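S.K.: After the structure tokens below, expect a handful of questions from me.
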């Protein structure tokens, strides 16, 4: 069994979560052919919406294992919607439910508000949580409902409104895990995690990390020949301490230093210290997406075993789709796919567009991805206005896989403006739909994916002028674009299930 370990699956996921989810699905497809083995996406954080969020990235309930769900006995519960007006726990002969619009209702007793029932976002009347108040209108208790329709946890509050105790429930409503919060140096923090009657015993832990280590040891004990892969740097030190595994790996999805000109000696990002310097030898190997990063890290850390295994795979269904021609696409459409954050330099795409429209007036640019902060979004919108391209730009936000697939089918060019990428899932996905790429010359993914002048272009880092020139050439030369589109489709074939399975099998075995 392969467990790919992370913190969570979110409503808005980064490339790391998407790559991890994609790898789970890939392993489980290949396992049906007798290769590799079954896999699951393992998460630490409590998330009442995990079932929804996992489904949004294409994972089935059997492909996800969460620590809290595991101890609550709710790992494979089918969804049963819980409308607030059908709550069995509310005696309607005594209390009266009063609606206050679509977002919440109140529970009243002789005109006094006893509780507030909040509705889950994007649902009609489904219970999200119930907040109970004392006669002085102080919040005393909050009952939290899972996306699947059951009461999952209960929070108890101090008179000043601060959280005192959290109780996590099984389906019978019994507390199986309790977290006590205490004032530590003026800050209210979790101080004890108590696991109740787990296999007939109670256990106490000082931190969630200790509880998570216990959980990982339990699932590896119960599942022989387990292999763990750490996908998040904040968990490396915990996974390093797990006992009884077949193998332990750590996957580095990104570049390891901000000094991209000197990757061998540049200062490490602090998050990488554990896996590369403190606990590296606890892992069978450190996995990276490209040969170039492997070379740099092996030079820097000769005592570690650094192996290459791309973190992107293109399923056979996508590869088998009819190829989209130029005439079927939106004319002169540029695409940016990724998080809107400083290290991705999304503003460079706007500057490129501003130069391109001088020669190709109908060129447009669409962004897909969530903004790291509202300030960044505001700055991009202001810059678009300043550059006189606001009417040529669409900020599409974070979208579903289906919407993104359609966007790839419509686009002519994808722009990569990051300061560096471990590989670049966005470029591989774009290539699988025949979209040529234009990227800055940065480590590592661009050189692994783009053959300059064949399936895209690599231009000097930071030169939006050079990028704009290559984009313009592609938009104005239909024959050159068609040749590059064919080459992009062909490059995507190298990330097929069978080719990636061979690589992963060699690395893991």
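Residue numbers (the working numbering): 30 to 538. Glycine residues also receive a C-beta, built at the ideal position from the N, C-alpha and C atoms. The structure presented is a predicted model; accordingly, all values stated were derived computationally and were not measured.
(1) Between which two residues does the alpha helix (DSSP H) carrying residue 518 extend?
(2) Can you tell me whether residue 485 is helix, strand or coil according to DSSP?
(3) Which residue marks the beginning of the beta strand (DSSP E) containing residue 128, and which one marks its end?
(4) Using the DSSP secondary-structure output, state which residues sit across from residue 184 in a beta bridge.
(5) So the candidates are 142, 296, 432; which of them puts its Cα closest to the Cα of residue 86?
(6) I'd like to know if the region 431–449 and the region 411–420 are in contact, where contact means that at least 3 CB-CB pairs between them fall below 8 Å.
(7) Would you mind giving the Cβ-Cβ distance between residue 313 and residue 461, rounded to the nearest angstrom? I have them listed as a contact below 8 Å.
(8) Can you tell me which of the three DSSP states residue 480 falls into?
(9) With H, G and I counted as helix, E and B as strand and the rest as coil, what does DSSP make of residue 338?
(10) For residue 287, does the three-state DSSP call read helix, strand or coil?
(11) Ignoring anything shorter than 3 residues, give me the beta strand (DSSP E) runs that lie fully in the region 421–463, in order along the chain.
(12) So residue 134 is in the beta strand (DSSP E); what residue range does that whole segment cover?
(13) From which residue to which residue does the beta strand (DSSP E) around residue 144 run?
(14) Would you give the residue range spanned by the alpha helix (DSSP H) that residue 238 belongs to?
(15) Closest to residue 329 by C-alpha separation, out of 305, 259, 182, 165, would be which residue?
(16) Measuring straight from C-alpha to C-alpha, what distance separates residue 515 and residue 484?
(17) Report the CB separation of residue 195 from residue 217 in whole angstroms; it is logged as a contact under 8 Å.
(18) I need the DSSP call for residue 54, collapsed to helix, strand or coil.
(19) Under the DSSP definition of a beta bridge, which residues are partnered with residue 362?
(20) Check whether the region 153–173 touches the region 98–107, taking contact to mean three or more Cβ pairs, one atom from each stretch, closer than 8 Å.
(21) Please confirm whether residue 50 and residue 38 have their CB atoms less than 9 Å apart.
(22) So, is residue 211 buried or exposed, given that buried needs 16 or more other C-beta atoms within 10 angstroms?
(23) If you reduce the DSSP assignment to three classes, tell me which class residue 219 lands in.
(24) Three-state secondary structure (DSSP) at residue 468?
(25) Out of 35, 41, 33, 34, state which residue places its alpha-carbon closest to the alpha-carbon of residue 402.
(26) At which residue ranges does the region 40–128 contain complete alpha helix (DSSP H) runs of 4 or more residues, listed in the order of the chain?
(27) Since I believe residue 275 is in contact with residue 254 (beta carbons under 8 Å), could you give me their beta-carbon distance rounded to a whole number of angstroms?
(28) In whole angstroms, give me the CA-to-CA distance for residue 127 and residue 106.
(29) Given residue 455, which residues of its chain have a CB within under 8 Å of its CB, disregarding the five upstream and five downstream residues?
(30) Could you pull out every residue in the same chain whose Cβ sits closer than 6 Å to the Cβ of residue 238, ignoring the five residues on either side in sequence?
(31) What does the alpha-carbon distance come out to for the pair residue 56 and residue 264?
(32) Quick check on this structure: which residue in 498, 492, 521 has the alpha carbon closest to the alpha carbon of residue 480?
(33) Taking DSSP's pairing of strands, which residues face residue 315 in a bridge?
(34) Under the assumption that residue 477 contacts residue 488 (Cβ atoms under 8 Å), give the Cβ distance between them as a whole number of angstroms.
(35) Quick check: what's the CA-CA separation for residue 381 versus residue 208?
(36) Which residues in the same chain have their Cβ closer than 8 Å to the Cβ of residue 176, if we skip the five residues on either side of it in sequence?
M.R.: Short version:
(1) Residue mapping note: residue 518 aligns to position 489 of the chain shown, counting from 1. Looking at the DSSP string, the run of the alpha helix (DSSP H) that includes residue 518 is 507–521.
(2) By one-based count along the chain shown, residue 485 stands at place 456. Three-state DSSP puts residue 485 in a strand.
(3) In the chain shown, counting from the first residue as 1, residue 128 sits at position 99. Element bounds for residue 128: 125–128.
(4) Along the chain shown, read from residue 1 onward, the residue named residue 184 stands at position 155. Answer by DSSP bridge pairing, in chain order: 171, 195.
(5) Taking the chain shown and counting its residues from 1, one reaches residue 86 at position 57. If we check each option's Cα against that of residue 86, 432 comes out closest.
(6) no
(7) Translated into positions along the chain shown, residue 313 becomes position 284. Translated into positions along the chain shown, residue 461 becomes position 432. With a Cβ gap of about 31 Å, residue 313 and residue 461 do not count as contacting.
(8) Translated into the one-based positions of the chain shown, residue 480 becomes position 451. In the structure shown, residue 480 sits in coil (DSSP, three-state: anything other than H, G, I, E or B).
(9) One-based indexing of the chain shown puts residue 338 at position 309. Here residue 338 sits in coil by DSSP.
(10) To locate residue 287, count along the chain shown from 1; it is residue 258. Correct three-state label for residue 287: coil.
(11) 422–424, 442–445
(12) Mapped onto the chain shown, residue 134 falls at position 105. Here the beta strand (DSSP E) through residue 134 covers 133–138.
(13) Taking the first residue of the chain shown as position 1, residue 144 is located at position 115. Residues 141–148.
(14) Sequence index remark: in the chain shown, residue 238 carries index 209 (1-based). 237–251 is the span of the alpha helix (DSSP H), which, as asked, contains residue 238.
(15) Counted from its first residue, the chain shown places residue 329 at position 300. For the residues 305, 259, 182, 165, the minimum Cα distance to residue 329 belongs to 305.
(16) Taking the chain shown and counting its residues from 1, the one referred to as residue 515 is at position 486. Taking the chain shown and counting its residues from 1, the one referred to as residue 484 is at position 455. About 8 Å.
(17) Here residue 195 refers to the residue found at position 166 of the chain shown. Here residue 217 refers to the residue found at position 188 of the chain shown. Actually they are not in contact, since the Cβ atoms of residue 195 and residue 217 sit about 12 Å apart, beyond 8 Å.
(18) Along the chain shown, read from residue 1 onward, the residue named residue 54 stands at position 25. Looking at residue 54 - three-state DSSP - the assignment turns out to be helix.
(19) For this step, residue 362 is matched to residue 333 along the chain shown. BP columns for residue 362 point to 393.
(20) no
(21) Numbered from its first residue, the chain shown carries residue 50 at position 21. Numbered from its first residue, the chain shown carries residue 38 at position 9. Yes; because the gap between Cβ atoms is below 9 Å, this pair is in contact.
(22) Your numbering for residue 211 matches position 182 in the chain shown. Residue 211 comes out exposed.
(23) Your numbering for residue 219 matches position 190 in the chain shown. Here residue 219 sits in strand by DSSP.
(24) As a first step, residue 468 must be located in the chain shown, where it is residue number 439. Strand at residue 468.
(25) As a first step, residue 402 must be located in the chain shown, where it is residue number 373. When only C-alpha atoms are compared, the closest one is 41.
(26) Runs found: 44–60, 79–85, 96–101.
(27) Taking the chain shown and counting its residues from 1, the one referred to as residue 254 is at position 225. Taking the chain shown and counting its residues from 1, the one referred to as residue 275 is at position 246. Contact flag correct, Cβ pair sits at about 5 Å.
(28) As a working mapping, residue 127 is identified with position 98 in the chain shown. As a working mapping, residue 106 is identified with position 77 in the chain shown. Roughly 31 Å between the two C-alpha positions.
(29) Residue numbering aside, residue 455 sits at position 426 when the chain shown is read from its first letter. Here the set comprises 44, 366, 367, 443, 445.
(30) In the chain shown, residue 238 corresponds to position 209, counting from 1. Cβ neighbours of residue 238 beyond the five flanking positions: 267.
(31) As a position in the chain shown, residue 56 is number 27, starting the count at 1. As a position in the chain shown, residue 264 is number 235, starting the count at 1. Spanning the two alpha carbons is a distance of roughly 22 Å.
(32) Locating residue 480 in the chain shown gives position 451, counting from the first residue. Answer by Cα proximity: 521.
(33) On the chain shown, residue 315 is found 286 positions in, with the first residue counted as 1. Answer is 279, 335, bridged to residue 315.
(34) Here residue 477 refers to the residue found at position 448 of the chain shown. Here residue 488 refers to the residue found at position 459 of the chain shown. So it is not a contact: roughly 17 Å between Cβ atoms.
(35) By 1-based counting over the chain shown, the position of residue 381 is 352. By 1-based counting over the chain shown, the position of residue 208 is 179. Going by the C-alpha atoms only, they are around 51 Å apart.
(36) Here residue 176 corresponds to residue number 147 of the chain shown, with the count starting at 1. Exclusion of the five residues before and after residue 176 leaves 77, 78, 79, 80, 81, 108, 149 as the residues of its chain whose Cβ lies within less than 8 Å of its Cβ.
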